[in-house]
Amino acid sequence: MDNILVNKNGKARGLAIGTSIAVGVVMLPTVAAETTALATNDWVGISFWIATAAMLASTVFFLVERQNVGDKWKTSMTVAALVTGVAWYHYTYMREVWASSYAETGIGVSPVVYRYIDWLITVPLQIVEFYLILAAVGVATAAMFRNLFGASIVMLVAGFFGEAMSGDGQTFDGMEMIWFAVGMAAYIYILFEINRGSVLEAAMTTSESTQFAFNAMRGIVTIGWLIYPIGYFLGTGDDPDTDALNTLYNIADLVNKTAFGMMIWYAAVKDSE
Ligand SMILES: *C/C=C(C)/C=C/C=C(C)/C=C/C1=C(C)CCCC1(C)C
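If you're matching positions, the sequence shown starts at 295 in my numbering and goes up one per residue.
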């Protein structure tokens, strides 16, 4: 306590905590806005609520832990905190869209617009995170960044058009599947790009912790990201299962944002020991 303002590390930590508190206070009116009480049987609403809390906790954790890792990992920790922080902000609205419609009608409404605005910000941030890992592996190029970035935008825009059309009462369900195919093509391209032979080879020559981060990234894109198209598939078309779509999206966000950030943190701590 006596040296928290003197010691360089303590000062930086104090700054991080201060920033977290300031962000929290500024956000308070929206977070604590008049809210519909969650119905006791609203399981999807409960998953929204859990995700909201987890995103906030992760953000504070990544910001504070940033001080305990080596310099070269600090930017990765910052980006991880931005991803969960932006998601937390949107979850406070998404859960409200869902829970209020469920409480009124017994049927939850998908917060499509908030969801996609969130993804449009957090997915490119994750691409930055991937780029930092690929740079540590020694294979990052500007072209690669541009391609991954471009493909992720195509994927999301296609998903948005498909979902915005879903359940609109017009019987042109085929369009949802066409947009799905466009999104899948972009996703498969991303998988291909990070699994190139030259990338895998270069990764094998790096430190243990860099390899851990690299494999975490591949696992996230291959398995974590795959949950989203499954949710989309179940939640659009003739007989859309909106509960399944939102539950899967919420779980996927926890895996891809919180758990991925934790893996980055673990690699960073291992490397900084
Ligand atoms: C933090 C949010 C993340 C990591 C969101 C990722 C979203 C996807 C990987 C979405 C993928 C989709 C397809 C592959 C096909 C079209 C439908 C989407 C947009 C759900």
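Glycine residues also receive a C-beta, built at the ideal position from the N, C-alpha and C atoms. In this text the structure is predicted, and so the values were computed from the model without any measurement.
{"Check": "Work out the CA separation of Tyr543 and Val417 for me, nearest whole Å.", "Outcome": "14 Å"}
{"Check": "Is Phe474 near ligand 1, with its Cβ less than 7 Å from a heavy atom?", "Outcome": "yes"}
{"Check": "Is Trp413 near ligand 1, judged by its Cβ being under 7 Å from some heavy atom?", "Outcome": "yes"}
{"Check": "Can you tell which of Gly555, Met471, Met478, Leu494 has its C-alpha closest to the C-alpha of Gly432?", "Outcome": "Leu494"}
{"Check": "Just how far apart, CA to CA, sit Gly463 and Phe454?", "Outcome": "With a pLDDT of 49 at Gly463, under the threshold of 50, the modelled position of this residue cannot be trusted, and the question is left open."}
{"Check": "In whole angstroms, what is the alpha-carbon distance linking Leu548 and Leu350?", "Outcome": "11 Å"}
{"Check": "Which term fits Ile260, buried or exposed, when burial requires 16 or more other beta carbons within 10 angstroms of its beta carbon?", "Outcome": "Only positions 295 to 567 of the chain appear in this structure, which leaves residue 260 out of reach."}
{"Check": "If you count every other CB in all the chains shown that lies within 10 Å of the CB of Thr516, and 16 or more means buried, which is it?", "Outcome": "exposed"}
{"Check": "Taking Lys564 as part of the alpha helix (DSSP H), name the residues at either end of that continuous run.", "Outcome": "554-566"}
{"Check": "Suppose you measure from the CA of Thr500 to the CA of Asn540; what does that come to, to the nearest Å?", "Outcome": "38 Å"}
{"Check": "Note down the Cα distance separating Trp413 from Glu567, rounded to an integer number of angstroms.", "Outcome": "34 Å"}
{"Check": "Within 8 Å of any Cβ in chain B, is that where the Cβ of Val358 sits?", "Outcome": "Of the chains in the structure shown, none is chain B; there is only one protein chain."}
{"Check": "Going along the chain, which residues of its own chain have a beta-carbon closer than 7 Å to the beta-carbon of Trp343, five neighbours each way excluded?", "Outcome": "Leu332, Arg389"}
{"Check": "Between which two residues does the alpha helix (DSSP H) harbouring Thr334 extend?", "Outcome": "Looking at the DSSP string, Thr334 is not in any alpha helix (DSSP H), and its letter there is neither H nor E."}
{"Check": "Rounded to the nearest angstrom, what separates Ala397 and Ala437 at their Cα positions?", "Outcome": "48 Å"}
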